[in-house]
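Novice:
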Amino acid sequence: MALLLEVGHEVVLQFETGMVRAKVNTHSAESAITFGRGHAVGVDIRLEWGPEGVAALGAGCAVLVVVDVLSFCTTTDLVLGNGGRVLPVRWRDRRGEEAAKARGAILAGESEWTLRPSSVTQIPSGTLLALPSPNGATLCDAAATTGAEVLAGCLRNASAVAARAAELANGRPIGVVPAGERWGIDLRTETKTFGPLRPCVEDQLGAGMIVAALDGYGRLSAEARLAAVAAKAIDIDDALTECSSGRELAAAGHANDVRLAAKLDSSGTVPVLRNGILEDS
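Residue 18 in our numbering is what sits at position 18 of the sequence shown, and the numbering runs on without skipping anything.
1. Quick one: measure Cβ to Cβ for V272 and L139, integer angstroms, because I've assumed they're closer than 8 Å.
2. State the Cα-Cα distance for the pair G81 and S267, rounded to the nearest angstrom.
3. Using DSSP bridges, identify the partner residues of G153.
4. For G96 and V89, I'd like the C-alpha separation in whole angstroms.
5. Quick one: grab the DSSP three-state call for L129.
6. Is the beta carbon of C243 closer than 8 Å to that of G153?
7. Suppose only complete runs of 4+ residues qualify. What are the alpha helix (DSSP H) ranges in the region 173-239, listed by chain order?
8. Applying the criterion that 16 or more other CB atoms from any shown protein chain within 10 Å of the CB defines a buried residue, is G253 buried or exposed?
9. Please go through the same chain and pick out, in chain order, the residues whose beta-carbon is closer than 7 Å to the beta-carbon of L57, but skip the five residues on each side of it.
10. Can you tell which of E248, W183, V86, S118 has the C-alpha that lies nearest to the C-alpha of A105?
11. List the endpoints of the continuous beta strand (DSSP E) containing V89.
12. Using CA coordinates, which residue listed in A62, T75, L214, D238 is at the minimum distance from V161?
13. Using beta-carbon positions only, say whether V211 and A227 come within less than 8 Å of one another.
14. When the Cα of L70 is compared with those of E110, R94, S159, G180, which residue comes out closest?
15. Hey, L269 and D77: beta-carbon distance below 8 Å or not?
16. Quick one: grab the DSSP three-state call for L115.
17. Tell me which same chain residues have a C-beta within less than 7 Å of the C-beta of A142, skipping the five on either side of it?
18. Tell me whether D265 sits in a helix, a strand or coil according to DSSP, three-state version.
19. Work out the CA separation of M209 and S159 for me, nearest whole Å.
20. How long is the line joining the alpha carbons of P124 and G276, rounded to whole angstroms?
21. List the residues that DSSP assigns as beta-bridge partners of R274.
22. Taking a contact to mean a Cβ-Cβ separation below 8 Å, would you say W183 touches P196 in this structure?
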C-alpha cells in the first residue's frame with residue numbers, strides 16, 4: 001500500500017512500514033534542471049498510455065516521447081549508438097515492411113538483427129534497420145501523424161532524451177507516452193488482433209525517469225508526477241528483473257535483454273523521428 005502526498009511543492013511517496021519512503025520536490029530551485037530559450041513556468045508535462053495517449057496528447061503537445069523499454073526503444077538506442085538508424089514499422093504491416101525495404105532498410109527478423117536488444121549490440125554503422133513492433137514502432141508511426149516532434153525514449157537514454165525534448169519544445173507542452181503492452185499479442189504468431197492495454201512496470205519507470213529529468217521545465221500533470229516519484233523510489237534493476245515482462249523474457253532465455261534495458265542513463269543517444277526514420281539528433 002502506498003500513499004502519494006503533496007505538501008506545498010513537495011511530493012512524498014509513503015509506503016507501508018519497512019518499505020521505501022521517497023521525497024521529490026518537483027519545483028525546487030535546487031533540484032530543477034535549468035532550460036534556456038525562455039522556458040515558461042506552468043507549462044504541463046503530460047503522461048498518457050498507449051495509442052489512446054498519442055491521440056489525446058498529439059494535438060496539444062509540441063513533442064511526444066514514446067517509451068517502450070522492452071524492447072523497441074532500447075533496441076533503437078543500441079542501433080543508433082552504433083551509428084545506425086531505425087525505421088519504425090507498424091506491427092504485421094506487410095505494406096509497411098515492403099515500403100521500408102524499398103527505402104533500403106533491412107527488415108528485422110530477416111537477418112541476425114531482431115527486436116531483441118542483444119541482437120544489435122554489434123550492428124554495423126550505417127545500417128538502416130526496419131524494426132516492426134506492436135507497441136513502440138506502431139506508436140512512433142501514429143505519433144508522426146500528429147505534427148509533434150517524436151522522440152523514442154528508454155531508461156538507457158532518459159536524461160539525454162529529456163534534455164532534447166525540452167530544447168525542441170521550447171516552452172511548449174511535452175507529452176510522454178509509455179507504450180505498455182497488449183493482452184493477446186504473441187510475437188510468434190501472425191495474429192493481427194490487438195487486445196486491451198496491458199500497463200507495464202518497465203514503461204512506467206522509463207517514462208518516470210524521463211519526466212524526472214525534465215524537473216524544472218514546467219508543471220507536471222498528476223500522472224507524470226506519480227511516474228517520476230515512483231521511478232525515483234524503486235531499484236530499477238530489481239524492478240525490471242521482477243516485473244512480468246522481465247520474468248517472461250528471462251524464462252525465454254533473454255535475460256540479457258533485460259539487463260541491457262535496465263542500464264539507466266548509460267547512453268547519450270537521442271532518437272528523433274525525421275522523415276519516418278529515427279536518427280540520433
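Even glycine gets a Cβ: it sits at the ideal position worked out from N, Cα and C.
Specialist: Walking through what the data contain:
1. Separation of the CB atoms of V272 and L139 is rounded to 15 Å, and the pair is thereby denied contact status at 8 Å.
2. Distance between the alpha carbons of G81 and S267: 8 Å.
3. G153 pairs with V67.
4. Spanning the two alpha carbons is a distance of roughly 6 Å.
5. L129: strand per DSSP, three-state reduction.
6. Not in contact: G153 and C243 (Cβ atoms no closer than 8 Å).
7. For the region 173-239, whole alpha helix (DSSP H) runs of length 4 or above, ordered along the chain, are 201-213, 222-232.
8. Exposed is the call here.
9. The residues are R46, E48, L64, G175, V177.
10. Answer by Cα proximity: V86.
11. Note, V89: beta strand (DSSP E), 85-89.
12. Put simply, of A62, T75, L214, D238 the residue whose alpha carbon is nearest the alpha carbon of V161 is L214.
13. Going by C-beta atoms, V211 is nearer than 8 Å to A227.
14. Looking only at E110, R94, S159, G180, the smallest Cα-Cα distance to L70 is reached by G180.
15. Per the sequence presented here, residue 269 reads as Thr, with Leu not at that position. In this structure, D77 lies closer than 8 Å to T269 by Cβ.
16. L115 sits in coil when the DSSP states are folded into three classes, being neither helix nor strand.
17. So the list reads P51, V54, once near-sequence residues are dropped.
18. Secondary structure of D265 (DSSP, three-state): coil.
19. One C-alpha to the other measures close to 8 Å.
20. Cα-Cα distance, rounded: 21 Å.
21. Under DSSP, R274 takes part in a beta bridge, and its partners are I277.
22. The answer is yes: Cβ separation under 8 Å.
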